[in-house]
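Peer 1: In case it helps, mature numbering (1 follows the signal peptide of the UniProt record, and there is no 0) puts the sequence shown at residues -23 to -1, 1 to 182.
Note that CB positions come from ideal geometry on N, CA and C, so glycine has one too.
Got a structure for you, questions after.
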Amino acid sequence: MKMMKVMMLIVMMMMVMVMVSEGSIIEPTCKETPDFNLCVSLLNSDPRGSSADTSGLALILIDKIKGLATKTLNEINGLYKKRPELKRALDECSRRYKTILNADVPEAIEAISKGVPKFGEDGVIDAGVEASVCQGGFNGSSPLTSLTKSMQKISNVTRAIFYSNSIVKEEACGSSWPSLALNIDSKACVVSLQNIQFNRGRTCW
Ligand SMILES: *[C@@H]1O[C@H](CO)[C@@H](O)[C@H](O)[C@H]1NC(C)=O
Ligand SMILES: *[C@@H]1O[C@H](CO)[C@@H](O)[C@H](O)[C@H]1NC(C)=O
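Dropping the structure here:
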């Protein structure tokens, strides 16, 4: 009889844990970024968002960086005709945005796919830097200001996800730890992580 009670308790605990681990992590993750609303709206606009783990969320945001860079490059190409006097600055911007598309984005995606998301951070940070350099070339009268700001904001939000507590936890515990939460080892891992002062990108213990 006592055994039955214990077993029922265990089953109930397992059900609770499964429910908890299935909840979307978009909101708690976005709380760790400098722009909660932007973060949530970008992630909710992608059907993969609701079931993604932190690395998955980072991949979605990198897709947004890619989309915005493509859009900006199209805008730049259109400006050559409308504003021929800006050719030099536009050439520079064109190079910068091609760097985002051809180097930063693939580098960040590759790092995440290889299970080392912390190495993806550089590409994401660089996307914001490239946008700023492009903007600077117009000496304060940029026709790309709002696109530049959008890139800087997405870069900042995505970057914060790389700094976030959760991605470090996933790296330390294996990227599928929520689904392993019933396993003693990963439970111990999660519990011990709660007490650890992690250093971003470095081993947590
Ligand atoms: C910005 O200023 C620099 C140096 O003063 C100049 O060489 C460049 O042509 C200017 N660019 C634009 C787009 O006005
Ligand atoms: C992005 O982050 C940098 C560094 O924290 C900050 O200086 C900058 O203002 C942010 N840019 C935007 C557009 O939020």
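(1) Considering only residues of the same chain and omitting the five flanking positions on each side of Val168, which have a CB-CB separation below 8 Å?
(2) Our contact map puts Ala35 next to Phe139 with C-beta atoms below 8 Å; I'd like the distance itself, whole angstroms only.
(3) Residue range of the alpha helix (DSSP H) that Asn133 falls in?
(4) Below 7 Å between beta carbons: does that hold for residue 266 and Ile37?
(5) So what does DSSP say about Lys91, is it helix, strand or coil?
(6) Please name the residue, chosen from Ile89, Met128 and Thr135, that lies closest to Val106 on a Cα-to-Cα basis.
(7) Taking the C-alpha atoms as reference points, what is the distance between Ser18 and Asp81?
(8) Can you have a look at Lys(-19) and say buried or exposed, based on whether 16 or more other CB atoms are within 10 angstroms of its CB?
(9) For Gln129, verify whether its CB is less than 6 Å away from any heavy atom of ligand 2.
Peer 2: Reading from the atomic positions:
(1) The sequence position of residue 168 within the sequence shown is 191, counting from 1. Because Val168 sits at a pLDDT of 35, beneath the cut-off of 50, its placement in the model cannot be relied upon, and the point is left open.
(2) Within the sequence shown, residue 35 is the residue found at index 58, counting from 1. Within the sequence shown, residue 139 is the residue found at index 162, counting from 1. About 7 Å separates the two Cβ atoms, so the contact holds.
(3) Working through the sequence shown from its first residue, we reach residue 133 at position 156. It spans Thr122 to Tyr140 - the alpha helix (DSSP H) in which Asn133 sits, taken as one unbroken run.
(4) Past the boundaries of the shown model lies residue 266; the chain is included only from -23 to 182, so the question cannot be answered.
(5) One-based indexing of the sequence shown puts residue 91 at position 114. Looking at Lys91 - three-state DSSP - the assignment turns out to be coil, as it is neither helix nor strand.
(6) In the sequence shown, residue 106 corresponds to position 129, counting from 1. Of the candidates Ile89, Met128 and Thr135, the one whose C-alpha sits nearest the C-alpha of Val106 is Met128.
(7) Residue mapping note: residue 18 aligns to position 41 of the sequence shown, counting from 1. Residue mapping note: residue 81 aligns to position 104 of the sequence shown, counting from 1. Approximately 23 Å between the Cα atoms of the pair.
(8) Residue numbering aside, residue -19 sits at position 5 when the sequence shown is read from its first letter. Classification of Lys(-19): exposed, given that the 10 Å Cβ count is below 16.
(9) Position 152 of the sequence shown, counted from the first residue, corresponds to residue 129. Gln129: yes, Cβ under 6 Å from ligand 2.
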